[in-house]
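This report concerns only the one structure given below.
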Amino acid sequence: MKLLQGKTAIITGASRGIGKAIAIKFAEEGCDIAFTDLFYDDIAKATEAELKAMGVKAQGYASDASKFDDTQKVVDQIIADFGAVDVLINNAGITKDTLLMRMTEDQWDAVIQVNLKSVFNFTKAVQTIMLKQRSGSIVNMSSVVGVSGNAGQSNYSASKAGIIGFTKSIAKELGSRGIRSNAIAPGFIITEMTAKIPEDARKQWEASIPMKRGGTPEEVAKVALFFASDLSSYVSGQVITVCGAMNT
Ligand code: NAP
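Here it is, written out as structure tokens:
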């Protein structure tokens, strides 16, 4: 029996990167996938086709996760199309790195809105259906820098630390209704987000990781599968770091 057979997951920001790897891993386990991204473009369509070819129901939706009304609309549409939502993966995220001295209000606001407010938006939108079902698993993508901070990332770190507080609060608020809420804190994962880091800095980072390499999106996806499935049926309010022992 596959781990997510007959389940439906919503994954935000999943056309590429970690979100896409989670979608593929879940599809391998029989899960139907509704995923969002800012645009339903060729990349989103290719991801959708890849998922469908795996024999599950899959649909991409254009939605700005930072917008409250957009989110309610897209979740209503997903429920109309799929009939249920068992798993929510709040994955959409951006960086606008710079030292506080140079950080503009717009850079602060954009990162907080996309990374943190999106988690509120989607969790609020799915909670009614999960409450009715009396089950659900919510998985939020934090970061090691949300635990330990990082120079030049005060906006990003604050958003990711906020996600951890939100995750633990929701676990306490909704636990009695069979809804679990957990977070993943990846370290240095090789995606387009980290490709923006200059080669020299990237090599330095990798050398400082005890496992001497960056992680892969698939390695994050395996932890998402643990949280999404009954493998973690009594695990809630927790943060698992996926960082090759960088943040211990
Ligand atoms: P990525 O490759 O940049 O992918 C991010 C995805 O989010 C893209 O598909 C992007 O869409 C989407 N997105 C951005 N803004 C959005 C919005 N407003 N509404 C909906 N979707 C939006 O990033 P990644 O490395 O896979 O990261 C995924 C998550 O893991 C993020 O939350 C990130 O902070 C977290 N994380 C990553 C690392 C790492 O080392 N990579 C480490 C720790 C945590 P477009 O394609 O349209 O831009």
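Per our numbering, residue 9 is the first one in the sequence shown, and the count goes up by one each step.
Don't be surprised by glycine CBs; every beta carbon is placed ideally from N, CA and C.
Small disclaimer: the values here were computed from a predicted structure and weren't measured.
Sorted by chain position, which residues of the same chain lie with C-beta nearer than 6 Å to residue i's C-beta, five sequence neighbours on each side aside?
{"i": "Ala229", "result": "Ala29, Ile30 and Lys33"}
{"i": "Ser162", "result": "Leu108"}
{"i": "Glu56", "result": "Ala66 and Gly68"}
Determine the closest residue to residue i out of the options, with distance taken between C-alpha atoms.
{"i": "Thr175", "options": "Ser244, Gly160, Arg142 and Val134", "result": "Ser244"}
{"i": "Gln141", "options": "Ile178, Val95, Ser177 and Met149", "result": "Val95"}
{"i": "Val231", "options": "Asp77, Ile146 and Gly186", "result": "Ile146"}
{"i": "Glu200", "options": "Ser23, Gln212, Thr16 and Ile18", "result": "Ser23"}
{"i": "Asp77", "options": "Asn129, Gly38 and Glu37", "result": "Asn129"}
{"i": "Gly21", "options": "Ala159, Ser184, Asp49 and Thr112", "result": "Asp49"}
{"i": "Leu139", "options": "Asn148, Ile172 and Gly186", "result": "Gly186"}
{"i": "Gly154", "options": "Ala203, Thr202 and Ala169", "result": "Ala169"}
{"i": "Ile102", "options": "Pro206, Lys125, Ala17 and Ala61", "result": "Lys125"}
{"i": "Ile97", "options": "Ser184, Pro206, Lys180 and Ile171", "result": "Ile171"}
{"i": "Met9", "options": "Thr16, Glu37 and Ile18", "result": "Glu37"}
{"i": "Ala17", "options": "Ser241, Tyr242 and Leu233", "result": "Leu233"}
{"i": "Thr156", "options": "Thr256, Gln85, Lys180 and Thr112", "result": "For clarity, residue 156 is Ser in the given sequence; the question names Thr instead. Of the listed residues, the one whose Cα sits closest to Ser156 is Thr256."}
Within the same chain, show all residues whose beta-carbon is closer than 8 Å to that of residue i, passing over the 5 residues directly before and after it, in chain order.
{"i": "Ile217", "result": "Gly195, Phe196, Cys251, Gly252, Ala253 and Met254"}
{"i": "Glu214", "result": "Phe196, Lys220, Arg221 and Gly222"}
If I measure Cβ to Cβ from residue i and keep anything under 7 Å in the same chain, skipping five residues before and after, which residues do I get?
{"i": "Arg110", "result": "none"}
{"i": "Lys104", "result": "Gln115, Ala118, Val119 and Asn163"}
{"i": "Gln246", "result": "Asn190"}
{"i": "Ile19", "result": "Gly27, Ile30, Ala31, Ile41, Phe43, Ile97 and Asn99"}
Would you mind stating whether residue i and residue j have Cβ atoms separated by less than 8 Å?
{"i": "Ile260", "j": "Ile248", "result": "The first residue shown for the chain is 9 and the last is 256, placing residue 260 beyond what the model contains."}
{"i": "Phe27", "j": "Phe43", "result": "Here the sequence assigns Gly to residue 27, which means Phe is not the residue at that position. A contact, by the Cβ cut-off of 8 Å."}
{"i": "Ser151", "j": "Gln121", "result": "no"}
{"i": "Ser189", "j": "Asn123", "result": "no"}
{"i": "Asp45", "j": "Ala66", "result": "no"}
{"i": "Val83", "j": "Val127", "result": "no"}
{"i": "Thr131", "j": "Ile178", "result": "yes"}
{"i": "Asp89", "j": "Val64", "result": "no"}
{"i": "Leu59", "j": "Ala92", "result": "no"}
{"i": "Leu239", "j": "Leu11", "result": "yes"}
{"i": "Thr106", "j": "Gly160", "result": "yes"}
{"i": "Met62", "j": "Asn99", "result": "no"}
Exposed or buried, what is residue i when buried is set at 16 or more other beta-carbons lying within 10 Å of its beta-carbon?
{"i": "Pro225", "result": "buried"}
{"i": "Leu108", "result": "exposed"}
{"i": "Leu182", "result": "buried"}
{"i": "Ser237", "result": "buried"}
{"i": "Ala209", "result": "exposed"}
{"i": "Ala203", "result": "exposed"}
{"i": "Lys47", "result": "Position check: residue 47 holds Phe in this sequence, whereas Lys was assumed. Classification for Phe47: exposed."}
From the beta carbon of residue i, is the nearest beta carbon of chain C less than 8 Å away?
{"i": "Ser156", "result": "Of the protein chains in this structure there is only one, and it is not chain C."}
Could you tell me which uninterrupted alpha helix (DSSP H) segments, each at least 4 residues in length, are contained entirely in the region 80 to 128, listed from first to last along the chain? 113 to 119
Within the region 145 to 192, ranges of the beta strand (DSSP E) (whole runs, at least 3 residues): none
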